[in-house]
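Single-structure report; data block below.
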Amino acid sequence: MKNDLVLRVIGKLLIPFILLFALYVQFHGDFGPGGGFQAGVIIAAGIIFYALIHGVATTRRIVPDCLVETMLASGVLIYAGVGLAGLLFGGNYLDYFVLDPNPVLGQHRGIFWVEVGVATTVSGVMLKIYYMFASRSGSED
Amino acid sequence: MSLAQHLPALQVVLPLISAPLAVLLRRGGLAFAMVTAAAWAAFAIAIALWLQVDSSGSISYHIGNWEPPWGIEYRIDRLNSFMLVLVSGMAAVVLPYSRASIEREIPRESHYLFYAMMGLCMTGLLGITITGDAFNLFVFLEISSLSTYVLIALGRDRRALTASYQYLIMGSIGATFIVIAIGFLYLMTGTLNLADMATKLSTIKGTRPVLVALAFFTVGVSLKAAIFPLHQWLPNAYTYAPSAVTAFIGATATKVSLYALIRFYFTIFGDSLVFEQLPLPEIMLMLSLFALFVANFIAIFQSNLKRLFAYSSIGQIGYITLGLSFDSVHGLAASIMHLFNHGIAKGAIFLLTGGIVATLTTRQGIPTAPTFERLAGLSKQMPLTCFGIVIGGLSLIGVPGTAGFISKWYLILAAIEKDQWWLAGAIVISSLLALAYVWRFVEVAYFRSPPVGQNAHGEASISLLIPAWLLIAGTIWFGFDTSFTVGSALNAAQQLMSNSR
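Going down the list, the sequences are from chains A and B.
The numbering of the first sequence is my numbering, which starts it at 1 and goes up by one.
The numbering of the second sequence is my numbering, which starts it at 1 and goes up by one.
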């Protein structure tokens, strides 16, 4: 659908805002509906939108498979790392209270990084699933 | 900060971290080193926890420093410290083995994914065992199940996909039933912490939602644990999965589900509800007897060695549920012992069978199924492998001097305690069925001449033999020195029975 002018222009206009909206959902998750999972899905949706217009091959050059795989692994590591940080600061596993001298701020800091991890993994997994379904040889990666 | 007090969390977290690291490293060798190191660390932690529980009683760990019953609690008592040793020990033995084994069974480029999945599977199984929170248990159940589906589907044989799909459907139904049961329990008690749930349930036992929860939980776990007649997914899954996977899940996955069953029956519902007010012991007894006779009988007529031992697993699970149905300390202890004793014997057998598959398979070829025609006269070429399978088989039969004898001895003791001599007889007769299928292997491997035109291939490689023989040695060791198995199981059974009265 590369040659469709309307799609290309609308895509160019919308995709930055989709990604921006994802960041809003990500960081506003503490106060309103949203959080890492939703933000990750929206990021992936923006990229999948691009792939629908420009094709999977082009998208794979911009967001390569190895990046996607790194994302889905490093998100889990960030989450688990927050847990281990709790241990290093003298608390229990996943203890956010100790992450800051002020325990309430510590809770904020902990959940912030956990949500970063969730968003990273979720968008990675969404893209990986999309790539696997979209590419012709389904089982290859 | 003392590391020792965080061992309960690290028990699960180290394997969990090893999985994404394996994906990041992308190289089969590095991923292997990562996950194997995690498995060994987990084994060391499990032993440390077992020692700690043995000397100073139950351990409670509060995740995120939230007090139970609000936060997630990891609670280690005698029963699950024993199970943790089994699960992490099997992982520590199977992972070094898997390196050489998957070489010919899984395409090289997805080796790192195999290790990542093994890491996750280990995480899930250890998590189910260690957690004291009902919903956390469900989450870990899903982690272990999903990774198991992938591991089974990695088998080279195309039927591995259908086997995995079949397991996926049955396993999802089971998991759904379990979460429905947990939902009902949450509805009635307003808590997810297992210990808290138990105290709150004591006043509303026998109300309908609790009975519904009990029913859903029993059926759900029976699916996951392949309790007869809900075992249909098991033979195909075990037959077509890669050998290392068969050995690992055969020795741990169904056992951990059975652990969850024991945990819920005795800690949460209490055995007065499960075993005295409901006809569950009778049902369980009948189903166990069917498993003993039907599954063992079917096993005799299998032509594929892996499939034969898969059916034998269903029969052996029957012994475990039979022990539960007695509702006595000795019966329960026999079940807990058999979880362990059967786990190591079956693990060893599947590892050795995997050695046969790896040796018969040509490089990068489709794995050769270990059918009986191909096994003819195998003892001349692979004496150590065949002898190992025979010893493992003796443990399945329950010959004195092997671990299997110990658990059957306590099972018979429990039957005689209840004055049910005919059951003791049934246990002995069902062992004869096990003798029949083990004899089939002996007859083919030792007394038949090899098929003409078969290439000489020699013994399985040493890296495949050492882990398998470690487990075989364990089978013999725990047949003589029973202080660890019998001691832990009796202590665990006493603790469970005294809590639930």
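In this text, a Cβ means the ideal position worked out from N, Cα and C, and glycines have one as well.
Beta carbon proximity, residue i to chain B, threshold 8 Å
{"i": "A73 (chain A)", "result": "yes"}
{"i": "F112 (chain A)", "result": "no"}
Own chain residues within Cβ distance below 6 Å of residue i, not counting five before or after
{"i": "M122 (chain B)", "result": "P15 and A91"}
{"i": "Y130 (chain A)", "result": "I48"}
{"i": "L230 (chain B)", "result": "S222 and L223"}
{"i": "R75 (chain B)", "result": "S60 and G132"}
{"i": "A51 (chain A)", "result": "T59"}
Minimum Cβ-Cβ distance from residue i to chain A less than 8 Å
{"i": "Y61 (chain B)", "result": "yes"}
{"i": "N65 (chain B)", "result": "yes"}
{"i": "P451 (chain B)", "result": "no"}
{"i": "P20 (chain B)", "result": "yes"}
{"i": "S17 (chain B)", "result": "It is Ile, not Ser, that sits at residue 17 (chain B) in the sequence shown. Yes, I17 (chain B) counts as interfacial toward chain A."}
{"i": "L394 (chain B)", "result": "no"}
{"i": "L187 (chain B)", "result": "no"}
{"i": "V23 (chain B)", "result": "yes"}
{"i": "A241 (chain B)", "result": "no"}
{"i": "H111 (chain B)", "result": "no"}
{"i": "H457 (chain B)", "result": "no"}
{"i": "H6 (chain B)", "result": "yes"}
{"i": "A160 (chain B)", "result": "no"}
Cβ-Cβ distance between residue i and residue j below 8 Å
{"i": "G581 (chain B)", "j": "H338 (chain B)", "result": "In the structure as shown, chain B begins at 1 and stops at 501. Residue 581 (chain B) is therefore absent and cannot be evaluated."}
{"i": "L146 (chain B)", "j": "L84 (chain B)", "result": "no"}
{"i": "G425 (chain B)", "j": "K346 (chain B)", "result": "no"}
{"i": "N341 (chain B)", "j": "A260 (chain B)", "result": "no"}
{"i": "G392 (chain B)", "j": "T267 (chain B)", "result": "no"}
{"i": "S243 (chain B)", "j": "E105 (chain B)", "result": "yes"}
{"i": "A299 (chain B)", "j": "Y446 (chain B)", "result": "no"}
{"i": "S328 (chain B)", "j": "R78 (chain B)", "result": "no"}
{"i": "W469 (chain B)", "j": "G388 (chain B)", "result": "yes"}
{"i": "A42 (chain B)", "j": "A116 (chain B)", "result": "no"}
{"i": "A134 (chain A)", "j": "V56 (chain A)", "result": "yes"}
{"i": "T148 (chain B)", "j": "A253 (chain B)", "result": "yes"}
{"i": "A181 (chain B)", "j": "F216 (chain B)", "result": "yes"}
{"i": "G36 (chain A)", "j": "E115 (chain A)", "result": "yes"}
{"i": "V87 (chain B)", "j": "F138 (chain B)", "result": "no"}
{"i": "T239 (chain B)", "j": "R158 (chain B)", "result": "no"}
{"i": "A493 (chain B)", "j": "L332 (chain B)", "result": "yes"}
{"i": "I283 (chain B)", "j": "L234 (chain B)", "result": "no"}
DSSP three-state assignment for residue i, whether helix, strand or coil
{"i": "T131 (chain B)", "result": "strand"}
{"i": "I298 (chain B)", "result": "helix"}
{"i": "P370 (chain B)", "result": "coil"}
{"i": "A115 (chain A)", "result": "Correcting the residue type first, residue 115 (chain A) is Glu in the shown sequence and not Ala. The answer is helix: DSSP assigns E115 (chain A) an H, G or I state."}
{"i": "S60 (chain B)", "result": "strand"}
{"i": "E142 (chain B)", "result": "helix"}
{"i": "R26 (chain B)", "result": "coil"}
{"i": "Y74 (chain B)", "result": "strand"}
{"i": "N499 (chain B)", "result": "helix"}
{"i": "N3 (chain A)", "result": "coil"}
{"i": "N236 (chain B)", "result": "helix"}
{"i": "N491 (chain B)", "result": "helix"}
{"i": "N193 (chain B)", "result": "strand"}
{"i": "N92 (chain A)", "result": "coil"}
{"i": "N102 (chain A)", "result": "coil"}
Cut-off 7 Å between Cβ atoms - residues of its own chain near residue i, not counting five sequence neighbours on either side
{"i": "A153 (chain B)", "result": "A160, L161 and S164"}
{"i": "D95 (chain A)", "result": "G86"}
{"i": "H330 (chain B)", "result": "Y410, L413, A414 and E417"}
Cβ shell of residue i (< 8 Å), same chain only, five flanking positions each side left out
{"i": "W569 (chain B)", "result": "Any answer about residue 569 (chain B) is impossible in this case: the structure gives chain B only from 1 up to 501."}
{"i": "T129 (chain B)", "result": "N80, M83, L84, V87, V256 and Y259"}
{"i": "S312 (chain B)", "result": "A295, N296, A299, K346, L396, A434 and Y437"}
{"i": "R448 (chain B)", "result": "A376 and G377"}
{"i": "F480 (chain B)", "result": "G401"}
Cutoff 8 Å: residue i Cβ touching any chain D Cβ
{"i": "V13 (chain B)", "result": "Reference to chain D is not applicable here, since the protein chains of this structure are A and B."}
Task: Residues from the stretch 120-133 of chain A in contact with chain B, defined by Cβ distance under 8 Å - done: none
TODO: Report the residues of the stretch 73-99 of chain A with a CB closer than 9 Å to any CB of chain B, ordered along the chain.
DONE: The stretch 73-99 of chain A vs chain B, Cβ under 9 Å: A73, S74, G75, V76, L77, A80, G81, G83, L84, G86, L87, L88, F89, G90, G91, N92, Y93, L94, D95, Y96, F97 and V98.
TODO: Residues of the stretch 55-74 of chain A with a CB closer than 9 Å to any CB of chain B: list them in chain order, please.
DONE: Result list: C66, E69, T70, L72, A73 and S74.
- [ ] Please name the residues in the stretch 162-179 of chain B whose beta-carbon is closer than 9 Å to at least one beta-carbon of chain A, in chain order.
- [x] none
Open item on the list: Against chain A, which members of the stretch 324-340 of chain B pass a CB distance test of less than 7 Å?
Closed with: none
Open item on the list: Can you pull out the residues from the stretch 25-57 of chain B whose beta carbon lies closer than 8 Å to at least one beta carbon of chain A?
Closed with: R26
Open item on the list: Please identify, using Cβ separations under 9 Å, the residues of the stretch 190-224 of chain B that lie next to chain A, in order along the chain.
Closed with: none
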